Amino acid sequence: MRKIALVAASILVLSGAVLPRVAVAQSAMVNGQVTKIDESAGKITLKHGPIKKLDMNEGMTMVFRVQDLAMLKQVKVGDKVRFDADRVNGQITVTKIEKAR
């Protein structure tokens, strides 16, 4: 039974079923800089690089909704950040944000 489990685990690793998920999660974060925060509207303006998963192949400055209003308290105008964005209810929304190190 132990050999079967070891073979199954090896097949998963060799087939790439485990490793690509880790690489995708790390590559999803986009570099940017906060240019404006509108707490009352739940929006943040970010100057950012390409966001491949949203088919944005060039950097730009744009306004995003935030998934959680608490995110706006973690950053201030001028901060360099790393963030993830996705389409939520049809709108491009920041789903994660952290200050760049």
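Take the sequence shown: its position 74, counting from 1, is numbered 71 in this note's numbering, and each next residue is one higher.
For each residue, glycine too, the CB sits at the ideal point set by N, CA and C.
Note that the structure is a prediction, hence the values are computed from the model and not measured.
Closest option to GLY46, judged by alpha-carbon separation, among ASN54, LYS96 and LYS93: ASN54. Note that the C-beta distance between VAL31 and ASP76 is below 9 Å.
Residue pairing for VAL78: DSSP places it in a beta bridge opposite GLY29 and LYS96. When ASP52, GLY39, LYS73 and GLU95 are compared, the shortest CA-CA separation from GLN64 is found for GLY39. In the three-state reduction of the DSSP assignment, LYS50 falls in the helix class, which pools H, G and I.
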